[in-house]
Every structure is written in structure tokens, then in C-alpha cells.
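K.L.:
Its first residue numbered 19, the sequence shown is counted upward by one per residue in the numbering used here.
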Amino acid sequence: MHIIDNVLSRVMSIGPIQRQSLISFVSLIGVTAIGYLATIYFAHFLGPAILGSFYLFTAYFGIFDVISDGGFGGASIKRISEGKNPNEFFTASIILRFVLLGISIVIFIIMSPYLVGITNSELFYLFIITLTVGSINGICAIDVLGTARIGISQTSNFINTMVKLVIQVLAVFVGWGLGGLIAGFITGMIASAVINFKFIRLKLTKCNFNHFKDMSTFAFWTFLSSGGVLMFSYADTILIGYFLNSEEVGIYRIAFQLAAFSAVTVTVFNSVLFPRISRWHAENDIAMIQLTLSKAITYCLILAIPVTAGGVLLSDKLMYFLYGASFQSGSSCLIILLFAQIANIFMYLFTMCLNGIDKPRYSFYVTLISAILNIILNIVLIPVFGITGAAAAMLLTMLINAGLAYAFLKPVVTVPLELRSIGYMIGSSMVMACVIIASTSYVKIQDFTNLFTIVLMGALVYFIILFTLDKKLTSDIKNILTKMQLPFISGD
19 MHIIDNVLSR VMSIGPIQRQ SLISFVSLIG VTAIGYLATI YFAHFLGPAI LGSFYLFTAY
79 FGIFDVISDG GFGGASIKRI SEGKNPNEFF TASIILRFVL LGISIVIFII MSPYLVGITN
139 SELFYLFIIT LTVGSINGIC AIDVLGTARI GISQTSNFIN TMVKLVIQVL AVFVGWGLGG
199 LIAGFITGMI ASAVINFKFI RLKLTKCNFN HFKDMSTFAF WTFLSSGGVL MFSYADTILI
259 GYFLNSEEVG IYRIAFQLAA FSAVTVTVFN SVLFPRISRW HAENDIAMIQ LTLSKAITYC
319 LILAIPVTAG GVLLSDKLMY FLYGASFQSG SSCLIILLFA QIANIFMYLF TMCLNGIDKP
379 RYSFYVTLIS AILNIILNIV LIPVFGITGA AAAMLLTMLI NAGLAYAFLK PVVTVPLELR
439 SIGYMIGSSM VMACVIIAST SYVKIQDFTN LFTIVLMGAL VYFIILFTLD KKLTSDIKNI
499 LTKMQLPFIS GD
């Protein structure tokens, strides 16, 4: 107990943003690692076809969940984070969520005959249950997110993922297949909702038309922007299912998930920074927004640049030894998606900042243009180039999205990139790539052990060179560790 208290006291000695980012990053890395191991297990035991059917199911869920949210989830978090009438906004958001849930279910019932993969009665009813549980989970999360209690939110997300994975692994082991994957998905959200519910501080109270109206403007543009994000995120999955088959969906989504590891830190900064940027904007502290956003980009690229470099060289081996021969055809797709994830870092942070400074309309404009372009490119490229075409469409639209988002953001918030640090990352990655090429020319990668050894060696080379060259970055990280009073850093 003394050891735990000592660790907690050291973590709490760090500044709030760094502390929350560190906690989020450590938990996210742990959850991500477990998630990847589970996906590898599913890939070997279920194959790409069943996984593809599950990814189609979750894609449809994402779309209808946004309809049931209507943008009011983000709007209520925004208004609650500003500290004015939080109970009233919380109450209004709950009322609206249940009304929109009913509308979403009706739309699903009408559209279900036309949705690829939702063809039997079991999936039909499972989808309605999933949508209902997702809405309840979203309601419970509003309080902790709006009051910037990111630790609780991260804990509930961790519980969500862990419960989901445990149930899914057990279900797959006993032969439940697709139904088991969906059951785990539902159970995880229930567990998350229970955790968030226990920490709700806001109270249900009387609200009036003005509270609905105050949220509606922000919600309208947030809803449209979220709809665009979903078209951007799931159009490729759904259109691959339409033009090709569920097996190709499974291969594409596995490659996408593997590529997403390179930008895993961006989700941490998104959840940590949004309520703070919202408050800084309300206080007109633009300089703090600029500094923090610049730092966030740098820290996200620390992992993204070397992972992309290594992934380009080892894509074929990664897909084969991690997921099996049936997924190896996704290696070229993986290379393109790795570059897309670098663009995703800028896109994600810039659009988050637009919403944080109360510019959801511009965020919508950016997302709408990108989403329409993404759909058009997918329709043109998938029939000709298959899943590689879908990956190319994703890369192009992410680049355009990031560029447009910054064009709208720049008049209010300029983001000076830390070019020296980024240059060191690129240089360190190039040396790492040379080491990998030299290693693979002498040692053939014949099993997972060889692959893991080369990846680990490349990572060590990259970080040793980076932290040797970039004194400023090293100092920033050392400062965080020193405040935690780690003996090997502080000299104790």
C-alpha cells in the first residue's frame, strides 16, 4: 500500500496536463497492446470473413450512434466545461438523447433491408440492443468529460476495453464467432456506463427552452461535422463490403488497425486537451492554446514517424507473422495507411481545436468537403484497385482535411511546428531504416522471433539517436520523470 501511495503522490506532483496525458498514455498503451494481442487471436481463429462482418456491424453502429447523439453530446460537454448552468445542460442533454435514440432506431428499421451484413433477425435485434446501450453509455460519460475528470473517463474506457476483450476471447474460444464479438462489444459498454454512473456529480434539474437553444447551434454543426467524420471513417469499410466482400473488409480493417498504432497518442491529447482548450478560449488565453497544440503535435510524431519508416520496410512480414497468410495481401494497403496516420495526427488535433475554440461550423465545412471527396474516391478506386484504392482515398482525404482545418484555424490560433525536433525524428528514423535494411540482408525473417528482434533493435537505435540529438525533447521528458522523483532520473 505504501508503494502505491508513493507512486500516486509522485504522479500527482506533475502539472495537470502532463499528468493526465501521462496516465492516459500509459493506460492507452496497455489497452492497445492487449487489444492487438486479442485481434491477432481473432485473426487466426476466425479469419478475415467473420472479422469483416464484425467491422461492418460496428461501422453501422458508429453511424446510427451519431444520429442518436445528434451532436448534443459534444455540445453539452462544451457548455458544461464552461461552468455555467451545468445541471441544466446535463438534464437537457439526457432528454434529447432519448428522443434521438428513438428516431435513430426507427431510421435503422427502415434502412436495415439495404444494409450489407444485417441480413438475419439475430443481428437485427442485437443491433438495436447495441444502439440503446451505446446511448446510455454516452449519457453517463457526459458528466465526467464536461467536468474535465479525464482520469475517470480513461478508467471507464479501460474497463470497457478489458471487459469487451475478455468476453470476446472467451466467446471465440467456445465457438460463438460473430455473436461472441458483438456480445463482448455490448458488455464492455455496459461496464463503462456503470463506472461513469458511479461518479456522476451533476443533478437532474429543471431546464428551459433557452438551454436547448444554447446547445442547438453548437450541436447542429457538431452533428454535421460528426456525420462527416463518420462518412470519412466508415465509408471505406461499408463500400468495400458493398463492392467486394466481408473478407476484404477484414483484411483492410486489420491493416488499418495496425497502422493506427503509429498515431495512438493523438487520442490521448484529444481527450485531455479539448476541455482545457475550451476553457482557455473562454479566458482568451490563445498563447496557451498555441503552445500546447504545438507540443501535442511533436509528442504524437515521436512514435508516428519511426513506425511509418519501419512499417514500410516490414509491412509484408508484419501482416504475415502477426495475422496469418490470409491477411498478407493487405501489406501494400498497410504502407499507405501508415502515411495516412501521420496526416491523421494533424487532422485530429486541428479539428479538435476548431471545436474547442467554438468554431464547429468551420470544422463541419472541412469535414464535409473531405467526407464527400472520400466517398467519391472510394467509389472510383475500390472497384479498380480494391482495398489499396480505399487506403489511397483515405490518405488523400486526410491530407486535404488537415490542410483545410488549419486554414480555418490559423486566423485565431497559429501553430508553430517544432521543426528542429521533427527533423531529428526524421533523421533518427532514416538511420533506423538503414539498420533494418542491413539486418534483414544478413538475417532472413523466418519467424515471429526474428521479426520481433529486428523491430526491437530498430526501436532502440531510433530512441538512442533521437534523445542524443534532441536535447530539448530529452529535457522535457526528463523534467516529467524528475517531478515523479524516479531514482534513475533524479539521482536519489
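Each residue gets a CB set at the ideal place from its N, CA and C atoms; glycine is no exception.
Predicted, not measured: the structure shown is a model, and the values here were computed from it.
#1: Out of curiosity, what's the CA-to-CA distance linking alanine 237 and isoleucine 95?
#2: Could you check the C-alpha separation between alanine 209 and leucine 331 for me, to the nearest Å?
#3: State the Cα-Cα distance for the pair leucine 413 and valine 398, rounded to the nearest angstrom.
#4: Quick one, which of Ser280, Leu149 and Ser349 has its alpha-carbon nearest alanine 51's?
#5: Between the alpha carbons of tyrosine 270 and glycine 164, how many angstroms are there, rounded?
#6: Nearest CA to the CA of alanine 361: which residue from Ser388, Ser130 and Ile47?
#7: From the beta carbon of phenylalanine 75, is the nearest beta carbon of chain C less than 8 Å away?
#8: What are the uninterrupted segments assigned as beta strand (DSSP E) that are 3 or more residues long and contained completely in the region 369-457, given in chain order?
#9: List the endpoints of the continuous alpha helix (DSSP H) containing lysine 462.
#10: Which one of Ala420, Thr458 and Val479 has the shortest CA to CA distance from isoleucine 444?
#11: Can you look up lysine 231 in the DSSP assignment and give me helix, strand or coil?
#12: Beta-carbon separation of isoleucine 154 and isoleucine 123 under 8 Å?
#13: With three or more C-beta pairs closer than 8 Å as the rule, is the region 61-77 touching the region 247-259?
#14: Return the chain-ordered list of same chain residues with a C-beta closer than 7 Å to the C-beta of glycine 268, the five sequence neighbours on each side being excluded.
#15: Applying the 10 Å Cβ sphere with the 16-neighbour rule, what's the burial state of glycine 509?
#16: Between the C-alpha atoms of leucine 141 and isoleucine 204, what's the straight-line distance to the nearest angstrom?
#17: Which stretch, first to last residue, makes up the alpha helix (DSSP H) that contains tyrosine 338?
#18: Answer yes if the region 74-89 comes into contact with the region 53-63, meaning at least three C-beta pairs across the two stretches below 8 Å, and no otherwise.
#19: Using a threshold of 8 Å, state whether the C-beta atoms of serine 99 and proline 378 are closer than that.
#20: Of all the options Val433, Leu336 and Thr316, which has the alpha carbon lying nearest to the alpha carbon of leucine 484?
#21: Can you list, in chain order, the residues of its chain whose CB lies under 8 Å from that of methionine 19, leaving out five sequence neighbours each side?
#22: Sorted by chain position, which residues of the same chain lie with C-beta nearer than 8 Å to asparagine 214's C-beta, five sequence neighbours on each side aside?
#23: Suppose the cutoff is 6 Å on Cβ atoms and the five residues either side in sequence are ignored; what does the same chain contact list for serine 86 look like?
#24: Inspect the CB distances between the region 450-468 and the region 485-495 and report whether three or more fall short of 8 Å.
#25: By Cβ distance, which residues of its chain are closer than 7 Å to lysine 490, with the 5 residues on each side in sequence left out?
#26: Have a look at valine 431 and glycine 441 and give me their C-alpha separation to the nearest angstrom.
#27: Going by CA-CA distance only, name the one from Leu395, Leu427 and Phe357 that's closest to alanine 327.
#28: Does DSSP put lysine 182 in a helix, in a strand, or in coil?
#29: Identify which residue in Leu355, Ala477 and Ser446 has its Cα closest to the Cα of aspartate 488.
#30: Indicate whether leucine 352 and serine 381 have their beta-carbon atoms separated by less than 8 Å.
P.N.:
This is what the structure holds:
#1: 10 Å
#2: 40 Å
#3: 15 Å
#4: Checked all of Ser280, Leu149 and Ser349; the closest Cα to alanine 51 is Ser280.
#5: 35 Å
#6: Ser388
#7: Included in the structure is just one protein chain, with no chain C present.
#8: none
#9: For lysine 462, no alpha helix (DSSP H) encloses it, and the DSSP letter there is neither H nor E.
#10: Val479
#11: helix
#12: no
#13: Touching, per the Cβ criterion.
#14: These residues qualify, in order along the chain: Pro66, Ala67, Leu69, Gly70 and Tyr73.
#15: With a pLDDT of 39 at glycine 509, under the threshold of 50, the modelled position of that residue is not reliable, and no figure is offered here.
#16: 13 Å
#17: 304-341
#18: no
#19: Their beta carbons are not under 8 Å apart, which means serine 99 does not touch proline 378 by this criterion.
#20: Thr316
#21: Because methionine 19 carries a pLDDT of 42, less than 50, the predicted location of this residue cannot be relied on, and the following value inherits that uncertainty. Excluding sequence neighbours, methionine 19 sits near nothing in its chain.
#22: Asn155, Cys158, Ala159, Asp161, Val162, Ile170, Ser171 and Ser174
#23: Around serine 86: Leu118, Leu119, Ser122 and Ser153.
#24: no
#25: Cβ within range, chain order: Ser439.
#26: 23 Å
#27: Phe357
#28: Correct three-state label for lysine 182: helix.
#29: Ser446
#30: No, Cβ-Cβ distance for leucine 352 and serine 381 is not below 8 Å.
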